[in-house]
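Below you'll find the structure, written out as structure tokens, and then a few comments.
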Amino acid sequence: MDKMKAFIVADVGKLERVERPIPQIKEPDDVLLKVKAVGICGSDVKILEGKHHFKPGTVLGHEFCGEVVAVGSGVRHIKVGDRVAVDNNIRCGFCSFCRMGMSSQCVDIKTSALGVMRDGGYAEYCLVPKNNVMCFHRKLTMCSARKSKRWQRSSTG
Ligand SMILES: [Zn+2]
Ligand SMILES: [Zn+2]
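Numbering (our numbering), first residue to last: 13 to 169.
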């Protein structure tokens with residue numbers, strides 16, 4: 013299996029450069045990205061300082077964008093070669109907050125956020141659910157797109 017370089021938060025204060033297998037499409041809704049730009053957020057710093065929850069061993073990086081290199085069988089709105097921005101907060105769509113249009117408070121966010129509880133963008137590749145990627149205009153650069161926060165309002169800002 014091919015490997016990629018990644019930065020994981022091994023523990024509080026411990027950012028480690030590691031090699032990991034390149035993620036593979038497993039679910040019909042999966043989208044595999046080649047990461048092209050990623051930001052360093054205040055939340056990343058808080059994680060390393062032990063002031064923000066995280067899952068040890070997770071690839072950090074929750075503000076990123078990239079190019080689609082593979083999609084699952086259930087992905088229709090995104091295709092290989094598309095340039096996409098990522099919303100790192102995976103929402104359930106069923107809890108009372110989601111049903112009231114307040115998905116920023118979804119009960120799943122604290123347990124599933126990319127780059128916090130699930131592998132994020134400080135890696136060469138990242139697996140993202142289809143509902144968390146959005147194509148952006150071809151005139152935008154990757155660096156501009158990864159700053160897009162319009163649809164990212166949540167606990168991991
Ligand atoms: Zn929800
Ligand atoms: Zn952030």
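For every residue, glycine included, the Cβ atom is placed at its ideal position computed from N, Cα and C. Please read these numbers as outputs of a predicted model, since none were measured by experiment.
Asked	Found
DSSP-derived helix/strand/coil call for A125	coil
Residues that K46 bridges to, as DSSP identifies them	E79 and Y137
Given 8 Å, three or more beta-carbon pairs between the region 83 to 90 and the region 60 to 69	no
F148 versus R95 - alpha carbon distance	6 Å
Around ligand 1, Cβ to any heavy atom closer than 7 Å, ordered along the chain	R103, C104, G105, F106, C107, F109, C110, S115, C118, V119 and D120
Which residues DSSP lists as bridging L27, in chain order	V21
Alpha-carbon spacing of V21 relative to C138, whole angstroms	16 Å
Alpha-carbon to alpha-carbon, S116 and I34	30 Å
Option nearest V50 by Cα separation, candidates M146, G133, K91 and T153	G133
Contacting residues, own chain, Cβ-Cβ under 6 Å from C155 (five flanking each side not counted)	A49
Closest Cα partner of I102 within the set L126, K91 and S108	L126
Opening and closing residue of the alpha helix (DSSP H) in which R111 lies	S108 to R111
heavy atom of ligand 3 below 7 Å from E75 C-beta	As for ligand 3, it is missing from this structure, which binds only ligand 1 and ligand 2.
Range covered by the beta strand (DSSP E) that runs through V87	Neither: V87 is in no beta strand (DSSP E) and is coded neither H nor E.
Selection from V145, K17 and V81 that minimises the alpha carbon distance to L9	Residue coverage of the chain in this structure runs from 13 to 169, which leaves residue 9 outside it and unanswerable.
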